[in-house]
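Report on the following structure.
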Amino acid sequence: MHTPVITGTGVFTPDNTISNAELVTAFNAYADKFNAEHAAAIEAGDMDAKPHSSEDFIFKASGIESRYVINKSGILDPDVMHPLLRQRGDDEPSLMAEMGLDAALKALKAAGKSADDVGAVICAASNMERAYPAVAIEIQQLLGVQGFAFDMNVACSSATFGIQAAADMVKSGSIKSALVVNPEICSAHLEWRDRDCHFIFGDVATATFIEREEDAAGSHFKIKSTRCATDFSNNIRNNNGFLRRSRPDGVADRRDMQFMQNGRKVFKEVLPLVSAHIAEHMGDENVQATDLKRLWLHQANKSMNDFIGKKVLGHNPEPGEQPNILQDYANTSSAGSIIAFSKYSDDFENGDIGLICSFGAGYSVGSVIVERCD
Ligand code: COA
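Numbering of the sequence shown is given in numbering that gives the first Met the number 0, commencing with residue 0 and proceeding in unit increments.
As structure tokens, then:
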């Protein structure tokens with residue numbers, strides 16, 4: 000048996016940002032246009048008018064101030080309201096592979112390793128831009144990695160589930176190392192025309208390099224323990240898929256082809272699920288709240304993180320005990336906790352312990368207890 004360790008992480012951040020002010024201006028222009036076009040039906044009571052969105056609501060409800068996106072112009076055009084991404088040829092890298100490659104190269108550089116040192120690539124994300132071939136295999140080819148690669152999808156929990164899969168394979172000896180890559184183009188499955196959720200997501204890619212402790216080139220995070228759990232729920236759902244063409248209304252612009260959620264129910268049901276999951280995981284590993292220097296939580300909502308932080312640590316988290324990046328990135332699905340880990344782990348000293356946790360659709364929750372080793 001080998002000890003799996005994290006020796007490097009990388010984050011690809013797109014160039015474009017959208018502030019809440021820009022987002023709300025675009026949404027309100029779209030709503031005004033919609034209401035003008037449907038004035039008669041709204042007047043007759045056959046259709047509801049679209050109410051305005053508000054910056055104040057977005058910040059108070061979520062803590063989000065801005066988000067990064069691959070394409071800004073389409074999202075902010077009241078006549079379009081989704082990203083505009085060019086069709087790539089089959090002989091050029093796909094967008095997810097390109098984003099993932101950038102993050103993967105950064106993770107390898109941080110680990111002091113090259114493609115020759117990688118045994119497997121897992122592309123773990125909440126959406127794949129095509130059915131096959133696997134995006135992971137494309138990333139493997141772009142990197143020049145031997146071995147094997149596969150895609151996996153556990154929505155917002157994909158990164159921690161991917162880390163568990165990689166860590167278990169390293170531990171058993173079936174691979175020497177793995178890159179877990181999380182390219183998230185959330186802007187393409189978000190419904191920007193729905194004010195209940197139009198502020199939630201952003202785009203990003205993260206990567207985590209996991210290898211045997213004896214191969215680590217320098218200080219690293221030992222993966223002490225991982226735990227994954229799922230419990231079926233329809234409260235976060237997207238019905239898009241390969242059966243679409245076969246259904247009576249085919250490829251029609253249907254609301255359920257994009258992200259849908261019962262936000263209140265998610266809030267109410269996921270919080271106890273995650274808090275209990277972490278408490279049980281820590282209990283079984285004999286890790287006390289006082290042993291934890293930091294929580295790197297999934298980045299969906301500030302109030303949710305405050306609640307989980309308090310429940311796990313037993314007090315309101317001090318600055319630094321539970322860093323949030325969602326104010327700048329919004330919810331980036333599986334990548335969120337890894338961005339937080341990547342940006343806020345350099346100050347760890349030998350023996351310091353932290354916990355990475357992601358959670359979301361499924362429902363799904365994954366936690367990883369790590370210890371800094373110098
Ligand atoms: N601007 C202004 N008002 C808005 C609005 C907007 N953009 N969006 C919704 N509202 C209104 C609602 O219509 C509602 O009005 P009503 O009281 O007259 O019905 C009111 O604000 C409250 O809406 P609600 O959806 O209940 O807000 P909330 O406090 O529950 O916050 C979420 C919404 C989505 C931020 C919150 O529920 C949440 O974070 N849930 C968990 C999300 C999550 O983690 N999802 C995982 C995704 S992977």
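Glycine included, every Cβ here is placed at the ideal spot set by N, Cα and C.
The structure presented is a predicted model; accordingly, all values stated were derived computationally and were not measured.
Might you give, ordered along the chain, the residues of its own chain that have their beta carbon closer than 7 Å to the beta carbon of ILE337, omitting 5 neighbours on each side?
THR8, ALA158, ASN181, THR205 and THR207
Indicate, with yes or no, if the ligand COA has a heavy atom lying under 6 Å from the CB of ASP150.
no
ILE199 versus ILE17: straight-line alpha-carbon distance, rounded
12 Å
From this set, PRO13, GLY249, ALA60 and ILE57, which residue's C-alpha is nearest ALA102's C-alpha?
Ranking PRO13, GLY249, ALA60 and ILE57 by Cα distance to ALA102 puts PRO13 first.
Do you know whose CA, among ALA60, ALA48, SER113 and GLY111, lies nearest ALA329's CA?
ALA60
Determine the closest residue to ALA48 out of ARG192, ALA96 and THR229, with distance taken between C-alpha atoms.
ARG192
Do you know offhand how far ASN349's Cα is from GLU212's?
14 Å
Taking 6 Å as the cut-off, is the CB of ARG194 close to at least one heavy atom of the ligand COA?
Yes, Cβ of ARG194 sits closer than 6 Å to a heavy atom of the ligand COA.
Considering only C-alpha positions, which residue in the set GLU97, LEU107 and LEU22 is nearest to SER65?
LEU22
Minimum length 3: unbroken beta strand (DSSP E) runs contained in the segment 177–239
202–211 and 219–229
Alpha carbon to alpha carbon, how far is ILE352 from SER224?
One C-alpha to the other measures close to 11 Å.
Closest to ASN152 by CA distance: which of LEU354, CYS122 and PHE241 is it?
Nearest C-alpha to ASN152: CYS122.
Any idea if GLN287 is buried or exposed, counting beta-carbon neighbours within 10 angstroms, 16 or more meaning buried?
exposed
Opening and closing residue of the alpha helix (DSSP H) in which ASP31 lies:
Looking at the DSSP string, the run of the alpha helix (DSSP H) that includes ASP31 is 19–36.
Taking DSSP as the reference, what is the three-state secondary structure of ASP262?
It should be pointed out that residue 262 corresponds to Gly in this sequence rather than to Asp. It is helical.
Below 8 Å, how does it come out for the segment 264–279 and the segment 22–33: are there three or more Cβ pairs, yes or no?
No, because fewer than three Cβ pairs between the segment 264–279 and the segment 22–33 fall closer than 8 Å, the two stretches do not touch.
Contact set for SER218: own chain, Cβ-Cβ below 6 Å, skip 5 residues either direction:
Result list for SER218: ASP373, in chain order.
Does the Cβ of ARG236 have 16 or more other Cβ atoms within 10 Å, making it buried, or fewer, making it exposed?
exposed
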